[in-house]
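S.K.: One structure is given below, represented as structure tokens, and several questions about it will come after.
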Amino acid sequence: MSTDFDAIVVGSGISGGWAIKELTERGLKVLLVERGPNTTHGQDYIGEGKAPWELPYHGSIPEDVLNQEYAIQQQCYALDDATKQFFVNDRKHPYITKKDKPFSWIRGYQLGGRSLLWYRQSYRWSEMDFKSNKQDGHGVDWPIRYKDIAPWYDHVEKFAGISGSKEGLEQLPDGQFLPPMEMNCVEIEVKKQIEQQFPDRTMIIGRCAHLTEPTKEHLELGRGQCQSRDQCERGCSFGAYFSTLSATLPAARRTNNLTILTDSIAHSIVYDEGTNKATGVRIINAKTNVRSQVNARIIFLCASTLGSTQIMLNSKSERFPNGIANSSGYLGLNLMDHIFESGANAEYPGFKDKYFKGRRPNGIYIPRYHNVTSKDNRFLRGFGFQGGGKRPSWKRAKTLKGIGLDLKEQLRHPGPWTFSLGGFGEMLPDERNRVWLDNKLKDKWGIPILNIECKLRENELEMLKVMAEDAKEMLEASGMKNVKTYNNSAPPGLAIHEMGTARMGHDPTTSVLNKYNQAHDIPNLFVTDGSCMSSSACQNPSLTYMALTARAAANAVEMLQEGRL
Amino acid sequence: MALKNISILLGASIPLAKIELLSAAVNDKHFAPQFFNSDEFMMVSNMVDLIIPRSDTPGALDALVNNYIDMMLSEWASSDTQKKYHLGVAKLNNAVKKEFSLNFNDCDRQQQINFLTSIDNYSDTNTDKNIQFFHDFKWFVISGYYTSKEGASMELNYDPMPGIYRGCLPYTKADKAWSA
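Residue numbers (this note's numbering), protein chains in the order written: chain A, 342 to 906; chain B, 573 to 752.
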């Protein structure tokens, strides 16, 4: 195989998938480097469609395996016997945290990465989000504004297929939506009550990357309509939710411009001081340990926030002794996630004669309302709520008394409707939240492992308190009974929205990337995964990674064609 | 192994369609438990049957939840969980002996029901280890049953491919809950 390509893309998750699609469709010969094994759409979804009794141990991972191999990954709701092949084995992929500062690094190493596992919520950022750093002085000013990314949101939404409702909200711009999913009776009622009693708040159906009505473009890629099975993380051979395997990979493949190297760990980026260019990627075969190098004219790092940062930190040269493109010293700093695990649950006394059909892989969303039109003095920025109404089945038995026929008869019917609201809040960029390479410990391929230090601070902790209070207030105002709040303050990382460690900015002395996700220091090196984020906003970030990646790819190709790279 | 006090042996009227299941359960007396000894397994089987008995649909014993629990404890459970279950069953039996001067398996059905109902009625905040153990055991039976084919698709409704989600449909007491 030739080792010379127009572009190398490292990583095949949501960002890497978009990079290979956009670059190959624009005529570039692209090499995709993925550290995990090959995964075939459909064929490798081994748990798909299986009933619980058809799975080993009814889908539950043996306790010793869970605790020894998945000590961290087990914190993710999506891990079970039918999905564990898509999660890393924590024992084989260590990282270091201080005992009092846990960080949950949830990972999937395979072709498709975590695009197979994501929860698929897809929200645009708004002008407010791109301005916030400048306004309150935390972090650096975003080098882009909403107008720069809006056409790219349009572009990625149409291709990915985002289901949602148009609402005309300034803080959560509408997009190119497929038909929205239905709310259930309780959700419709709660929406009405919240909007009547809290004029600054709105409740909408979640916007998610599911095909509720596939377009010709989707059908041509072999994708089909969502079947409401809600087993997405096992893989979906309908291709009904957006993933690299269902969408961007087949699109890139049909250009015949794509070459894929799986089981290939990117060790570091090769830097040529004479030309000031990144000339290639050093690769270690994950199975054989054989080392090699691949070369290209441009390099896109899409190996996930911490993955890309680790590769960059490990790319040392005379000019960049602390990691490639790190003349600013900001590589690895300002790690963010979203704060969550605070909210409330309740029971709804009515609608006993109503039920639902199907397992909607989506909930409701209450867009941010704090610090939108008026200032809240308790904290900066804000949070949104995810949640929804349900009518629990047998699982409510955990709190039911009784045995025998009475219990069985009770469980034959659904319980009362319940409703839950859980906040997702913005985390401020803070240089003390950071990652760095360990100077002693290496993984089994000889790559220095990451130290991660990240903790929630005053603004986040205050916001978590208010999340629970607000959730309670809204549920009580909606006629709910038995309202119970919780504030468990999950370890950072567990929202699986880690970002920010190679941030974009105007100024090369305080940021790593410019407004086109291009390294300030090295023009042919691009980083388009979550590491590029200058702030976290409170919306689920994947849609923004897609849009930034597509925008960066289009721009890189233009620069390449104009001879500027 | 003869299972004492189990509803399927009490001559309760059995719908024709269920005959096949009954024979499956009876035939399964050849099942050799890997985790429990025969007395323990008889006690476990009795409790499984009492927690979710047969009605017009299969019960937990028809669904072989007793075998499932034995398999889970021998193959799936950590050694800590295994210890908890050996000890838990023994202690529960000791508490029965204290009350009725009989082993659980030798009590009549009403005594067994009374005993299990009484400990079930205590809340988990009670420090009595028997109560916590029984609640864990009860959940083991319930989760095993409603994820079995019988519990999930005969007692409740199972829909592998629902199609479009509908959020607000009429429901009457004659309708069953979804199992998933």
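Note that the Cβ used here is the ideal one computed from N, Cα and C, for glycine as well.
Consider the Cβ of ILE591 of chain B: report whether some Cβ of chain A lies at a distance smaller than 8 Å.
M.R.: For the purposes of this step, residue 591 of chain B is identified with residue 19 of the second sequence, where counting begins at 1. Confidence at ILE591 of chain B is low in this model, with a pLDDT of 39, below 50, so the placement of that residue is unreliable and no value is reported for it.
S.K.: Between the C-alpha atoms of GLN568 of chain A and GLU722 of chain B, what's the straight-line distance to the nearest angstrom?
M.R.: In the first sequence, residue 568 of chain A corresponds to position 227, counting from 1. In the second sequence, residue 722 of chain B corresponds to position 150, counting from 1. Taking the straight line from one Cα to the other gives about 24 Å.
S.K.: Between which residues of its own chain and SER751 of chain B is the CB-CB distance below 6 Å, once the five residues before and five after are set aside?
M.R.: Position 179 of the second sequence, counted from the first residue, corresponds to residue 751 of chain B. Here the set comprises TYR718, ALA724, LEU728, TYR730.
S.K.: Beta strand (DSSP E) containing THR600 of chain A: first to last residue?
M.R.: Sequence index remark: in the first sequence, residue 600 of chain A carries index 259 (1-based). From DSSP, the beta strand (DSSP E) with THR600 of chain A extends over 599-602.
S.K.: Find out if the Cβ-Cβ distance for the pair LEU854 of chain A, CYS879 of chain A is shorter than 8 Å.
M.R.: Within the first sequence, the letter at position 513 stands for residue 854 of chain A. Within the first sequence, the letter at position 538 stands for residue 879 of chain A. The answer is no: Cβ separation not under 8 Å.
S.K.: Spatial neighbours of LEU499 of chain A within its chain, please: C-beta separation below 6 Å, excluding the five flanking residues on both sides.
M.R.: As a working note, residue 499 of chain A is residue 158 in the first sequence. Just to set this straight, residue 499 of chain A is Lys in the shown sequence, not Leu. Cβ neighbours of LYS499 of chain A beyond the five flanking positions: GLN517.
S.K.: Label ASN599 of chain B either buried or exposed according to how many other C-beta atoms from any shown protein chain fall within 10 Å of its C-beta, with 16 as the threshold for buried.
M.R.: Looking up residue 599 of chain B in the second sequence gives position 27. For ASN599 of chain B, the predicted structure reports a pLDDT of 43, less than 50, and the residue's modelled location is therefore unreliable. A value from the coordinates is still provided. When all chains shown are included, ASN599 of chain B counts as exposed.
S.K.: Compare the C-beta of GLY749 of chain A against all C-beta atoms of chain B and say whether one is closer than 8 Å.
M.R.: In the first sequence, the residue the question calls residue 749 of chain A occupies position 408. It should be pointed out that residue 749 of chain A corresponds to Lys in this sequence rather than to Gly. Closer than 8 Å to some Cβ of chain B, the Cβ of LYS749 of chain A qualifies, so yes.
S.K.: I'd like to know whether the C-beta of LYS813 of chain A is nearer than 8 Å to at least one C-beta of chain B.
M.R.: Numbered from 1 along the first sequence, position 472 holds the residue referred to as residue 813 of chain A. Cβ-Cβ to chain B under 8 Å: no for LYS813 of chain A.
S.K.: From the DSSP output, in three-state form, read off GLU296 of chain A for me.
M.R.: The requested residue 296 of chain A is not part of the displayed model; chain A covers only 342 to 906.
S.K.: What does a CB cutoff of less than 6 Å around ASP541 of chain A pick up in its chain, not counting 5 residues either side in sequence?
M.R.: The residue labelled residue 541 of chain A in the question sits at position 200 within the first sequence. Only TYR710 meet the Cβ criterion.
S.K.: What's the call for PRO492 of chain A, buried or exposed, on a 16-neighbour Cβ count within 10 Å?
M.R.: Here residue 492 of chain A refers to the residue found at position 151 when the first sequence is read from its first residue. The residue in question, PRO492 of chain A, is exposed, as its Cβ has fewer than 16 Cβ neighbours within 10 Å.
S.K.: Can you give me, in chain order, the residues of the stretch 732-747 of chain B that have a beta carbon less than 8 Å from any beta carbon in chain A?
M.R.: Within the stretch 732-747 of chain B, the residues whose Cβ lies closer than 8 Å to some Cβ of chain A are PRO732, MET733, PRO734, GLY735, ILE736, TYR737, ARG738, GLY739, CYS740, LEU741, PRO742, TYR743, THR744, LYS745, ASP747, listed in chain order.
S.K.: Can you give me the Cβ contacts of ASN896 of chain A inside the same chain, cut-off strictly under 6 Å, excluding the 5 residues immediately before and after it?
M.R.: Against the first sequence, residue 896 of chain A aligns to sequence position 555. Within the same chain, ASN896 of chain A has close Cβ partners TYR857.
S.K.: Which class does MET677 of chain A belong to by DSSP, given the choice of helix, strand or coil?
M.R.: Locating residue 677 of chain A in the first sequence gives position 336, counting from the first residue. Of the three classes helix, strand and coil, the one that applies to MET677 of chain A here is strand, per DSSP.
S.K.: On the premise that VAL620 of chain B lies in contact with VAL637 of chain B, defined as a C-beta separation below 8 Å, what is that separation, rounded to the nearest angstrom?
M.R.: One-based indexing of the second sequence puts residue 637 of chain B at position 65. One-based indexing of the second sequence puts residue 620 of chain B at position 48. For VAL637 of chain B against VAL620 of chain B, the beta-carbon gap comes to about 5 Å, under 8 Å, which counts as contact.
S.K.: Whether or not the stretch 530-546 of chain A and the stretch 568-580 of chain A are in contact is what I'm after, with contact meaning three or more pairs of Cβ atoms, one per stretch, closer than 8 Å; do they touch?
M.R.: No, the stretch 568-580 of chain A is not in contact with the stretch 530-546 of chain A.
S.K.: LEU752 of chain A and TRP735 of chain A look like a contact to me (Cβ under 8 Å); what is the Cβ gap, rounded to whole Å?
M.R.: If you number the first sequence from 1, residue 752 of chain A lands on position 411. If you number the first sequence from 1, residue 735 of chain A lands on position 394. Confirmed, about 5 Å.
S.K.: In the DSSP assignment, find the unbroken beta strand (DSSP E) run with PHE641 of chain A in it and report its ends.
M.R.: Indexing the first sequence from 1 puts residue 641 of chain A at position 300. 632-642 is the extent of the beta strand (DSSP E) around PHE641 of chain A.
S.K.: Taking just the CA atoms, how far does GLN416 of chain A sit from ASN618 of chain B?
M.R.: Against the second sequence, residue 618 of chain B aligns to sequence position 46. Against the first sequence, residue 416 of chain A aligns to sequence position 75. Between ASN618 of chain B and GLN416 of chain A, the C-alpha separation is close to 35 Å.
S.K.: By DSSP, does GLU688 of chain A sit in helix, in strand, or in coil?
M.R.: Taking the first residue of the first sequence as 1, we reach residue 688 of chain A at position 347. DSSP places GLU688 of chain A in strand when its eight states are reduced to three.
S.K.: Let me see if you follow: with CB-CB separation under 8 Å, is LEU594 of chain B close to chain A or not?
M.R.: The residue given as residue 594 of chain B occupies position 22 in the second sequence. Only weak support is given to the placement of LEU594 of chain B: the predicted model assigns it a pLDDT of 45, under 50, and the value that follows is read from those uncertain coordinates. No, no contact with chain A.
S.K.: Return yes when the Cβ of LEU452 of chain A is within less than 8 Å of the Cβ of ASN598 of chain A, no when it is not.
M.R.: Residue 598 of chain A sits at position 257 when you count from the first residue of the first sequence. Residue 452 of chain A sits at position 111 when you count from the first residue of the first sequence. Not closer than 8 Å, so no.
S.K.: From this set, B:SER610, B:THR653, B:MET615, B:LEU645, which residue's C-alpha is nearest LEU674 of chain B's C-alpha?
M.R.: Taking the first residue of the second sequence as 1, we reach residue 674 of chain B at position 102. Among B:SER610, B:THR653, B:MET615, B:LEU645, the Cα nearest to that of LEU674 of chain B belongs to B:MET615.
S.K.: If we count the other Cβ atoms within 10 Å of its Cβ and call it buried at 16 or more, is ARG773 of chain A buried or exposed?
M.R.: Residue numbering aside, residue 773 of chain A sits at position 432 when the first sequence is read from its first letter. By the 10 Å Cβ count, ARG773 of chain A comes out exposed.
S.K.: Taking only the alpha-carbon atoms, compute the straight-line gap between PRO605 of chain B and ASN639 of chain B and give it to the nearest angstrom.
M.R.: Indexing the second sequence from 1 puts residue 605 of chain B at position 33. Indexing the second sequence from 1 puts residue 639 of chain B at position 67. Spanning the two alpha carbons is a distance of roughly 7 Å.
S.K.: Which chain A residues sit within Cβ distance under 7 Å of LYS669 of chain B?
M.R.: Walking along the second sequence from the start, residue 669 of chain B turns up at place 97. Simply none; closest approach about 20 Å.
S.K.: For the stretch 403-443 of chain A, list the alpha helix (DSSP H) runs that are entirely contained and at least 4 residues long, ordered along the chain.
M.R.: 404-410
S.K.: Would the beta-carbon of THR585 of chain A fall within 8 Å of that of GLY354 of chain A?
M.R.: For this step, residue 585 of chain A is matched to residue 244 along the first sequence. For this step, residue 354 of chain A is matched to residue 13 along the first sequence. For THR585 of chain A and GLY354 of chain A, yes; Cβs fall inside 8 Å.
S.K.: Give every residue of the same chain whose Cβ lies closer than 6 Å to the Cβ of SER720 of chain B, excluding the five residues on either side of it in the sequence, and list them in chain order.
M.R.: Translated into the one-based positions of the second sequence, residue 720 of chain B becomes position 148. Contacts found: ALA635.
S.K.: One question on the structure: do ILE790 of chain A and ILE437 of chain A come within less than 8 Å of each other, judged by their Cβ atoms?
M.R.: Along the first sequence, read from residue 1 onward, the residue named residue 790 of chain A stands at position 449. Along the first sequence, read from residue 1 onward, the residue named residue 437 of chain A stands at position 96. Closer than 8 Å, so yes.
S.K.: With 16 as the cutoff for other CB atoms within 10 Å, does ARG905 of chain A come out buried or exposed?
M.R.: Position 564 of the first sequence, counting from 1, holds the residue named residue 905 of chain A. With fewer than 16 other Cβ atoms within 10 Å, it is exposed.
S.K.: What distance in whole Å lies between the Cβ atoms of PRO757 of chain A and GLY841 of chain A, which are believed to be in contact at a cut-off of 8 Å?
M.R.: For the purposes of this step, residue 841 of chain A is identified with residue 500 of the first sequence, where counting begins at 1. For the purposes of this step, residue 757 of chain A is identified with residue 416 of the first sequence, where counting begins at 1. With 8 Å as the limit, GLY841 of chain A and PRO757 of chain A do not qualify as a contact, their Cβ atoms being about 42 Å apart.
S.K.: At a CB-CB cut-off below 7 Å, which residues of chain B make contact with GLN568 of chain A?
M.R.: The sequence position of residue 568 of chain A within the first sequence is 227, counting from 1. Contact annotation for GLN568 of chain A against chain B: MET733, PRO734, GLY735 [CB-CB distance below 7 Å, chain order].
S.K.: Can you list, in chain order, the residues of the stretch 369-403 of chain A whose Cβ is nearer than 8 Å to any Cβ on chain B?
M.R.: GLY390, ALA392, PRO393, TRP394, TYR398, HIS399, GLY400, SER401, PRO403
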